[in-house]
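Colleague: Take the sequence shown: its letters are residues 15 to 269, numbered as in the numbering used here. From the three backbone atoms N, C-alpha and C, an ideal C-beta is built for every residue, glycine too. Would you mind keeping the following structure in view while I ask a few things?
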Amino acid sequence: MAKKEAKEEEKAAASLAEPRTNPSVEDTGMVRNSLTLSPPKPSWFTPGRLLVIFCFINLLNYVDRGTIASNGVNGSPKNCSANGTCTPGTGIQGDFDLNNFQDGVLSSAFMVGLLVASPIFASLARSVNPFRLIGVGLTVWTLAVVGCGFSFSFWMIAICRMLVGVGEASFISLAAPFIDDNAPVAKKTAWLGVFYMCLPSGYAIGYVYGGWVGHYNWRYAFWGEAILMFPFAVLGFVMKPLQLKGACFLHSDFS
């Protein structure tokens with residue numbers, strides 16, 4: 015009996031020592047799958063292309079600021095001389111009969127939304143996909159600019175200008191950190207310089223754009239801005255983003 019058990023143990027040990035010549039179906043499938051898997055394709059949105067996109071968005075933000083301050087859009091109030099001769103007002107001031115105080119409020123109303131929303135977006139970026147936040151903000155910006163074109167009173171356009179600041183806050187508070195994180199070390203200063211060069215350039219273009227479009231109707235200037243910004247708002251929802259350093263969000267936020 016002991017010899018029989020010893021022989022069975024020897025056979026079992028020999029079978030374990032022999033190489034497996036017929037792998038199971040599961041093993042074969044795993045090998046084939048590992049061979050057919052290809053490395054993930056790099057995102058089309060490389061840091062260089064993102065810089066170009068960010069520069070266009072930044073330019074449009076400041077084009078809007080220059081536009082509302084331009085003579086063609088801001089216009090001039092109704093003016094009556096001492097002899098009773100009156101000239102009709104033009105632009106926003108003429109349509110809504112604004113005084114100097116109201117005109118000043120209108121030009122700076124966006125700062126209210128910008129100051130309130132900037133820390134909120136910056137805080138949310140720690141747990142929410144920053145590119146989706148930019149998409150939400152640019153959507154708000156686009157709708158608010160459309161609302162400026164449809165405004166029928168001072169208070170309506172003032173509220174729309176505040177919402178423009180809310181939309182702008184998402185981009186301003188998140189774009190520069192992305193550039194700082196992902197730009198090549200040797201080109202980081204140059205990239206940030208190009209990005210911030212859009213500020214004065216946008217203002218200058220806005221003055222020219224507002225003066226040209228305002229010749230037809232000041233409302234067209236805002237609608238034109240909305241058309242130009244809409245594709246970038248969509249990109250914020252569909253692009254495969256780069257990760258912001260220090261952020262921690264779920265995988266589903268990237269999809």
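1. List the DSSP bridge partners of C94.
2. Quick check on Y230: does DSSP put it in helix, strand or coil?
3. With distances taken Cα to Cα, identify the nearest neighbour of G89 among N72, N114, T99 and W237.
4. If you draw a straight line from the C-alpha of A197 to the C-alpha of G62, how long is it?
5. Short of 8 Å in beta carbon distance, which residues of its chain neighbour S92, apart from the five on each side in sequence? Order them along the chain.
6. Given C174, which residues of its chain have a CB within under 7 Å of its CB, disregarding the five upstream and five downstream residues?
7. Taking only three categories from DSSP, how would you classify S165?
8. Can you give the Cα-Cα distance for N85 and A247, rounded to whole angstroms?
9. Taking three-plus beta-carbon pairs below 8 Å as touching, is the segment 60-80 in contact with the segment 181-197?
10. Is it true that the CB of G228 sits closer than 8 Å to the CB of V119?
11. For S132 and A183, which I take to be in contact (beta-carbon distance under 8 Å), what is that distance rounded to the nearest angstrom?
12. Give the single residue among W205, F244, S167 and Y223 whose Cα lies nearest to the Cα of A116.
13. If we require 4 or more residues per run, which alpha helix (DSSP H) segments fall completely within the segment 135-204?
14. Tell me whether P61, by its Cβ, gets closer than 7 Å to a heavy atom of the ligand FAD.
15. When the distance is taken between beta carbons, is L64 closer than 8 Å to V280?
16. By alpha-carbon positions, which one of L249, M253 and Y234 ends up nearest to T81?
17. In this structure, how does DSSP classify D111 when only helix, strand and coil are distinguished?
18. Apart from the five residues on each side of it in sequence, which residues of its chain come closer than 7 Å, Cβ to Cβ, to V154?
19. Does the separation of the CB atoms of V77 and G216 fall below 8 Å?
20. Between L213 and D194, is the Cβ-Cβ spacing less than 8 Å?
Modeller: The answer reads as follows:
1. Listed as beta-bridge partners of C94 by DSSP are C100.
2. DSSP places Y230 in the coil class of the three-state scheme, outside both helix and strand.
3. Closest in alpha carbon position to G89, among N72, N114, T99 and W237, is N114.
4. C-alpha separation (whole angstroms): 8 Å.
5. Before going further, note that residue 92 is Lys rather than Ser in the sequence given. Excluding positions up to five away in sequence, the list reads C100, T101, P102, G103, G108 and D111.
6. A158, G161, C162 and S165.
7. Here DSSP, grouped into helix, strand and coil, assigns S165 to coil.
8. In this structure, the straight-line span from the alpha carbon of N85 to that of A247 is close to 29 Å.
9. By the criterion of at least three beta-carbon pairs nearer than 8 Å, the segment 60-80 is in contact with the segment 181-197.
10. Contact: no.
11. Their Cβ separation, rounded to whole angstroms, is 4 Å, which keeps S132 and A183 in contact under 8 Å.
12. Per the sequence presented here, residue 116 reads as Gln, with Ala not at that position. Among W205, F244, S167 and Y223, the Cα nearest to that of Q116 is on S167.
13. Runs of the alpha helix (DSSP H) spanning 4 or more residues and lying entirely within the segment 135-204 occur at 144-164 and 168-196, in chain order.
14. Absence of the ligand FAD from the depicted structure is noted, as is the absence of any ligand whatsoever, leaving it without description.
15. Here the chain has residues from 15 to 269 only, and residue 280 is not among them.
16. Closest by C-alpha distance to T81, out of L249, M253 and Y234, is Y234.
17. D111: coil per DSSP, three-state reduction.
18. Excluding sequence neighbours, V154 sits near L177, V180 and G181.
19. In this structure, V77 sits near G216, with a CB-CB distance shorter than 8 Å.
20. No, the Cβ-Cβ distance between L213 and D194 is not below 8 Å.
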